[in-house]
Each structure stands twice: as structure tokens, then as C-alpha cells.
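Numbering (this note's numbering), first residue to last: 361 to 1380.
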Amino acid sequence: MQRRECNFRLMSFAAACALALIIGIVPSAYCDTADCSWVFSTPGNMLGWQANKYSGAGVSDGYFHGTTTAYDSSLKGPFLGSTCPARSNHYVQIKMRMYYPDSPTNRFGASDAYVYFTTSVEPSYSSSKSVAFKTYGNGVWKVYNVRMGHLATWTGNIQQLKIYCTSVTGARTDIEWIKIMRDTTPPEFEAENMWTYEDGETTNDATPTIKVRNAWDQVSGIDRAEFYLRPGTSSSEDDWTLQGTDADPSDGWQFTFPSLADGVYDLGVKMYDKSGNAACWLDGDNKWIDDLCINSTTQTRIDVHASLVTKPVQKKDIGNNSNWFEWNNKYNPATARLPDSLETLIGRMGIPVFRYPGGCYSDTFYWKKSIGPLESREDQYSNGCNTQLVNRGPAKFGLDEFLRFCETRGMEPMLTVRFRWPGAPGAPGLDGPDPYAEALADAVDLVEYCNSPNDGSNPNGGTDWAAVRAANGHPDPYNVKLFEIGNEPWGPDPYGSPGNIGLDGASTYSVAFLTFLEQMKAVDPSIEVSVTSYAQADSQYDLSNPSWMFSVYEQTGSFINHSQIHPYVPYSCWQTDLVKLYQETMAAPRALDDLLCVQRQAIRQTSPDRYGEIRLRLTEWNINYGWVYDPSQGRINLPHAKTLKAAIAAADAIRVFLENQDIVESAEWWNLYDWVYAPIAADDVTANPVYHTLRIYNKHFGDDLVQCKVTGSPTFDYVQTPGSILKSQYDLAYITAIASISDDRESLYLTVINKDRDNSHAATISLSEFLPPGASQVDAEIWELNGPNVDDYQHPNDVGITETVATYPASFTYVFTAHSVTSFKFTQSPVSVDHLGFLRSLEPGTRVHVMNKVVTGLIDSNAFYIQEEDQYAGIRVVAQNANVRTGNRATIVGRVRINEHLERYIDAEAIEHDDSSVTIEPIAIVQKSFVEPTVSTTGLLVCVFGWTTGTSENYFYVHDGSQIQSASGNPGVKVYCGSPPGDGKLVVVTGIRSQEIQNGESSPEPVIYTRTAGDVNVIL
């Protein structure tokens, strides 16, 4: 957590793009052509390039190499004459890696680099004929694309290039190629996405808005987006008409079309980069909307396609945070429990991932002081994101207590590692003479303490921390996987940040992070370590903080799989109009989606080969209205974090995270326990409104997402007002939804959010794909989160979940009340079965309701058989400890299954029975009727006679003349009983006809289960 002044805003798209377009470290597309190319592939051949102030310069192993001897070491290219006319779309491309010469792992951070040039118009070098960019000494090959053609001085014929690769002295520089390229690759973008319309969709909105997502360009940057319209009945390119242009990316690339009459339209987008390249609807179906039907009478509908699984549900998206000292006076080490009221609340809500020791407070948490006997633990201090240290006493809820707490409750722990800056002072009185080295050593020792086996291996040397852990009562490793280095080192964390926000800080942090990463993973390669990116900016850092994000990805992207950010929205401190504050809150999830797009762009720009592999952990986030309540300064909205509107926005935000799982791996709400932001209030008994949101996603949600589409939702516009943080957003749907299904595919979940402050909205819900053939209804368990007042933060107990049940057809209309979150759990309504023979035609998994069938026999405590009195059908019933007796009439609700022996049975979920004692006579089975294909005796009470053979401990065979030959070679029917009579006996056997597959055979054989010893009657 970070306590910030209330004058920051989400990073604008313009600021986020600014640095990336200068650096441009991505490979050029294959269609870009080189006007000049120098590939250093021949040993000893410098291709006319001269190395100035380099030692050991030369070409070998497929690249130029040399070590800088001064800050102004340079490479000067050959004279080009008239062979390279300047073009406005030119850029210089350099494939290069740099590091200190002893090893590629001996790194340095960002450094200043320049491309100078001369032309036939101006044959001398000057600053007006140069472009600055940043290079990175991380030992990894990178392709640097440096835009040149936009300069007015890039004209005539290019005569010569001079490249200053770095200002670092002693930098090993390897270059594979240098090229002058033409930028002919258009930008990439998506016009079809979850926030706007899709092909063939129907809407009642006459003024549709398109917002482009994931827009980026590899070299020059995006210049503008144009928005076009044509009649949906046309396929002619000539019928496209320009409707508007957006050249301001600060609120994303978007456009609202003028009012359109009811009809069918195509909506297209054309995007230009600054080199003049354009991409449009001809370049992909995701760049236009085909056949959008505008119908003013359209009603809202929600189509859930249960058969179309899109991705597994990442439960880590519903995690939480803890400050270590908050439990000091709550946690009982003797019982390893919190007070019962807290345990109950936590258990009912669920915490998949739990982060510790807590935001800024991790900067002054020393884990080695938090282990061992309580009486020997030293005092710990906390800093509330400032320089004031507060003595909190010994950590009673220390590292071991936290990890055991997670272990016993099935939570995955996440640990934030204390970070210090190389060469910088640490926390006064707490850190030693070298705070960085101490923090690094503590981090490496922490991995050993948590994860190393207690076998003397001691992978880090020195103290055997696994043995210390064992002595502290936990011999087995905790196997902690999730670590992050520093809390918010980009910002004002006093001991975890350099105080110089920007590229220098990002470079220092990145180089230090890679050292942490390598040494920690040397102890346990399986751990997952997050680097700190950037997700929001104080207004004074608009230009520099994006540099932190891009610079960190430039230097660490080749090594990481995870990055952590802390987005807090809407961060509206001063808004006095409660209706506008509500609208801004409901726009916050859209802003989070924009933020995720910026992160995608940053990763793609800087580490294109890792795009899709680096994922985000939102290790702190919440619906936030500032960190300070000070009416004298107009900061009045802090308590609104405890309102129903915050809970509704949180529900929509989690939906966004789940739908963006390509980049979001986890999201941890800040905080679990406090008076303002937390789901659980500090009185130990009150559940704040957001508690119910988290509970819905943890306890009333499935295992896999399925396709869910909302059409025809009424919409609203959020318009930014002075003092608001979020940019304007248009065509935001009041009704949003997300659907999921259980692993066994028998429970379907639908969460619907109505963000309308004042109005209920009806929607038609279609679930047809969920029901098997023969089923027509669903049973619904409905949780509705609501309350009387969206702005009330003084009565949190007025907000809660109302639980109801209902039965619906596969398509039904439901009215969603104003300002609500409604979560359905659907199960198929049981099919009423009049005759057991009908079960043979039902799909496995079909839920059935069987009434008043006679129990013919108990097989064991978990299985029995029922039968029709007409003796035409019977079936096995599986139930735990079913309290039924032979002769009872049983009514059963359950699902039809097929077991490993290919026998149908009912997997019972509910059983009722009477105390009757109905007698059913067995069917006499003679000879081939056991295997006659037109006769189904499986599940029936039967009687056979014949000679015994193949006697074993609990079964024998009856050679009954049916010509059955078992897989073991015994003739006759296998009979299970408690005391077999021995071979060579003539017997009459009564029992339940079942079947089993023996000895790996593919087809089942008939078997009989006897019920009592009297079922085997020995005649001779």
C-alpha cells in the first residue's frame, strides 16, 4: 500500500507511449526493407566501420565486439555517397548487447546513446542531425529501432552514420547488424473486444462508440485513428464514409458515431502511424464491426454458452493482503487461530492468495527477527509509507505463524521481500553499513528457510536455515512459490525507493532486481519472482513514471515471468456530487482494462519475444477514494471505500481481471482487515460491503470460464469533471456478466452486475446448451448483493447477500434490481422418471428424480439396488451410508452415471424412504437368457441354479448352462457372497444381477450379488 496525495491519475496512453516510441526496441516486421545493411558475419571484416575509443575491437563469432574506453566511444560508418536517399519513413536498426566485459551477468543499467548522421545537404555532424535513445547493459541481445525520418535534417542523401552506443566506460559492446530501414509496417490494433460491439450484434444504442484496444506501432508511433461507416447491406469499399477522427490518445482511441436510424451497419477503423502507414478493416476481422444491427426496441439478453469453455478460472484474482502487525494482538500462537469471529468471516469469504508482510510495511520488516520463540524476538518497526518509524513490538504473527496460517487454511502465501538501493542509506537504526547487501542476503536466506529440505544441503552456505526452520517446529519445507522484490520502489516508499523517480531509479532497481532474482532462484529454481512495474502516476510524474515501466521491462523482460502493479481506482478525493461520484466509480473497471492494455503495449514494445509469457500480479488494488480524509482540503471521499457502490465496482473489476487472464495472473485486494478499505472491519465482526463481492467470486463461482455475451444493455456515459482522475468513457454497459462452469460440468454459474444507480433492468437469460437431452429446466440458487443506499458508509450491515432458490426453463427473463450484483448457481432440474427403464435412454450426467421404487437389496453401506414392481427394470444406487432396508420404497434425486464396469447407476444426492416391506419375487434366469441381447436383466433381482465351480474367498461360479465363459476360464456366472459353498455343489442362487469387466477385458460379464447367506441354497 502507498499513501499518496490525491493529485495523481491513471497513466494516460500518451504518456505511456512517449518513451516507447523513442526507444522502439522491437524487431521490425518482415515486410520492412533495408536500404543499407551491415551484417557483421565475416571474421575480421568491419564492413568499413571504424571503432573509436574501443579496446579489442573486431569481428568474430558473427558479430562486432569491443569494449568502450571512454564515455564518448563511437562507431563511424562508411561513406555512402548517393546510395541512400533520405526517406521520411527511415529508421536505424541496431541488434546489440552490452555488459561489463567479464560476464554477460555483470550488468549495468540504462545509458544514453545517440545516432548522428551527415547528409549531402549538411555534410558535417551536429546535434540537429542526431537522435538520442537509451541502451541497456543487461547482457541480452536487443534490437533497437531508432526513428530518423521525422527529422527535417534527414534529407538529401545520407552520407554517413556515427553511433554512440553507450556513455558507460568499460562496456563490452557486441553488434550483429546495423541497418537503415524503411518503416512500411502499419500499426496493430483491435476494434472488436469485450468493451465494444461484435459482428452480427444487435443494440438499442443509436450512437454506438468504438474504443480501440491494444493499439501499438513498432517504430514511429500511432498518429491518429479514423472511424468509418457503411450500410450493412453493402460490400463495396466505395461505400465507406469517414465519420470522425481521434488524434488524442490520452483517453484511448475512441469515437462515438452520430445518431443512426434503426438498421444494419458496418463500423470500420483505420489507424495511421507517424510514418504514414495505415491498417484498416482489410487487414483483419478484428479491425471492424460487421453487420451491427441498431434496433431501438431491442431488449437486454444474456446468452451463456456452457459448451464453449474459454479458459480456466484463475482463483488468484480474488486474493488479499495482510499487515504483519495487525494480528499481533489477535493471533493466538497456542491455538494457531484468530478469534472465532474472524476465523468464521475469513472462512466464509475465502482467500486463495494471501500477501505478507504488507505493502510499505515490508520495507522495514526483518523476517529473521520474526521467527523463533516469542520471548526472544526483537521489536519490529513499521513505516506508513513515510519516514516515521513506529515501534510495533515483537512480531507475534511472524513468518512461521503466517505460513502455518496459510498452510492449514489452503491459502497460497505471497511474500514481499525488503529491498534496499545499492550505495544508498537504509532505515536509521535498523539497517547496517551496507543495507543493499544485507537485504539481498536476507532475501536469499528467506528462500532457503521457506523451501529447502532439512537434509543438511544448506544451498546458500552459512547458517543452515532449513535446520533453523525445523527447530522452530516445521521440519518440512513450506514450498512458497510467490515472491516480489520491493513494494513500490518507483515511488515514495522511503526505504524502498531511491527518491529519484525515473530512468536512473528504474535502471538501478532493474540491475539489483536481476541479482536478487538469480541468487534467490539459485536456492530454489521453482520460485516465481515478480519485478515491480508501474500502474498509476502522480501528476508531477506524468512524463517520467512511464519511463520506469518501460525501462524496467527493457532490462528485465528477458528474465522474468511476472510483474507486479498496484492500481487504485477511481481515486476520486474531492468529488462532492454523489451521482457523479457513483458514475466515476462505475467507470473504474473500464479504466483498469485500459491500464492492462498499456501493460500489454509496454511488454510488447520492450520484450516482444516474451509477449504472452510475462503476466501481471496486481498485488495491491481496491476501489479507492484517496488515503487521506481531510475536509479542510476538500478530501472528503475516503469513507466511500465502505459503500455498496465500491462493492459493485469491485465485482465488475474482478470480471475484467478474469477476462484478461492472458496478462493477469493474480489480484490481491488491499487490505483484509482495517476500518476503511478492508472486507473485514477492525471490530472483528463487521463485514464491509466488498466482503460480499469477494465471497461471491470465491464461493459461488465455477472452475472454468464459459462464453457469455450480453447484448442490448442500456448504457451510460461517464464524463470527466474538474478534479476527477479518470478520463471520460462512453457507452459503458449498465449490465455486465461473466459465466463459469464447475469441473464436473454439472453446475453453471452466472454473475450479473447492474451498475444502474436508480433503475432495475430485465434481461432474457439463455442457458440452452447447459441442459442434456430430455431436460428442460434448471434449479437456481440465487445470491443477490444489494442494500438500500449506494452511498452509505456508516451502516455496512445494511448491505448483504440475500439467498433465494427458484426453478426456470432454459430461457427465462429476470429482473435485476438497481445497483446490484446477482450470482446464480444453476443445476439441471431433475427429470421426473416414472419408470426405471427410461434411465437407459438418458445421457450420463442427467439429473433425475425417481419416486417410490422398491429397494431389492443392499450391496454394502454405499450401494443398493432399486427395481420396478413389474420386474422390467432396476438400477444400482450409490450413496454414502444410505439408511435404507430391503423392501423399503425409496425416492431418489441424483445423476445418471456409468461406472468403470459400464453399468449405469444413480449417483444419489438426496434419498427419502418409507418403512414399508415390499416383497419382489426374483426372475428365474435360465441358460442363454443371461446373455440374450433383447433381454436387459441388469439391476434386477434374479434367481439361477447350477453346479458350483471356481470357488474363492468371497465368490464362486454357477455353471448354469448359459455357456458364459469368464475371463479367468471358469464356466458360468460369477456370484459374490460371504461364505461360498465350495465346488461341485448344486445350488439355487438369488441375488442382484450386475456386471463387471474382468482382467482387462473390454466387455463386461454378468455377476450376481447376494444379499444374505440365505440367498445361496445348496440342494446337493
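We put the beta carbon where it would ideally sit given N, CA and C, even for glycine.
Excluding sequence positions up to five before and after Pro445, its CB lies within less than 6 Å of the CB of Asn517, all in the same chain and listed in chain order. Secondary structure note for Tyr809: its alpha helix (DSSP H) is the uninterrupted segment Pro795 to Asn811. By the neighbour-count criterion, in which 16 or more other beta carbons inside 10 Å mark a residue as buried, Gln1227 falls on the buried side. With respect to the 7 Å criterion, Ala1178 and Asp1118 are classified as neighbours on the basis of their beta carbons. Annotated three-state conformation of Glu1106 is coil, per DSSP. Contact between Arg960 and Ile1023 holds, since their C-beta atoms are separated by about 6 Å, short of 8 Å. Contact between the region 426-446 and the region 871-881 is absent: fewer than 3 CB-CB pairs across the two stretches fall below 8 Å.
Membership of Phe1017 in the alpha helix (DSSP H) is indicated by the continuous run Leu1004 to Glu1019. Partner residues in a beta bridge of Trp409, as assigned by DSSP, do not exist.
DSSP places His922 in the strand class (E or B) of the three-state scheme.
For Lys940, the enclosing alpha helix (DSSP H) has its first and last residue at Leu938 to Thr966. No Cβ-Cβ contact shorter than 7 Å links Val1302 with Val1318. In terms of Cα proximity to Asn1330, the closest of Leu702, Ser1126, Thr1311 and Trp1035 is Thr1311. Comparing alpha-carbon positions, the option among Asn1243, Trp934, Thr1298 and Cys957 lying closest to Ser992 turns out to be Trp934.
Bounds of the alpha helix (DSSP H) holding Ala827 are Trp825 to Ala831. Annotation for Gly1160: no alpha helix (DSSP H) segment contains it, though the beta strand (DSSP E) segment containing it runs Gly1160 to Pro1169. Scanning Trp613, Gly1234 and Tyr928 for the CA closest to the CA of Leu978 turns up Tyr928.
For Asn982, the closest of Ile1008, Tyr971 and Arg995 by C-alpha to C-alpha distance is Ile1008.
Under DSSP, Asn1377 shares a beta bridge with Val1348.
Counting the other CB atoms within 10 Å of its CB gives Val1208 a total of 16 or more, which places it among the buried residues.
In this chain, the alpha helix (DSSP H) harbouring Thr768 covers Leu759 to Arg769. Rounded to the nearest whole angstrom, the C-alpha separation of Thr605 and Met909 is 29 Å. Trp987 sits in coil when the DSSP states are folded into three classes, being neither helix nor strand. Counting along the chain, Ile706 sits inside the alpha helix (DSSP H) bounded by residues Asp700 to Met709. By the Cβ rule, the region 687-697 does not count as touching the region 710-723, because fewer than three pairs are nearer than 8 Å. About 7 Å separates the CB atoms of Ser635 and Ser448; that is less than 8 Å, so the two are in contact. A check of alpha carbon separations from Ser1354 across Thr1370, Gly1360, Gly1344 and Pro591 identifies Thr1370 as the nearest. According to the DSSP assignment, Pro930 belongs to the beta strand (DSSP E) that extends over Tyr928 to Pro930. CA-CA distance, Lys729 to Met880, rounds to 20 Å.
In the three-state reduction of the DSSP assignment, Met880 falls in the helix class, which pools H, G and I. Here Ala607 is exposed. Its C-beta has fewer than 16 other C-beta atoms within 10 Å. Of the candidates Phe919, Thr443 and Arg1255, the residue whose Cα lies closest to the Cα of Ile1271 is Arg1255. Shown here for Glu548: same chain residues with a beta carbon closer than 8 Å to its own, the five before and five after excluded, namely Asn574, Ala575, Trp576, Asp577 and Ala639 in chain order. Inter-segment contact for the region 1131-1142 and the region 1029-1046 is absent: fewer than three beta-carbon pairs are separated by less than 8 Å.
Residue pairing from DSSP leaves Cys1337 without any beta-bridge partner. Here Tyr496 carries a strand assignment [DSSP, helix/strand/coil].
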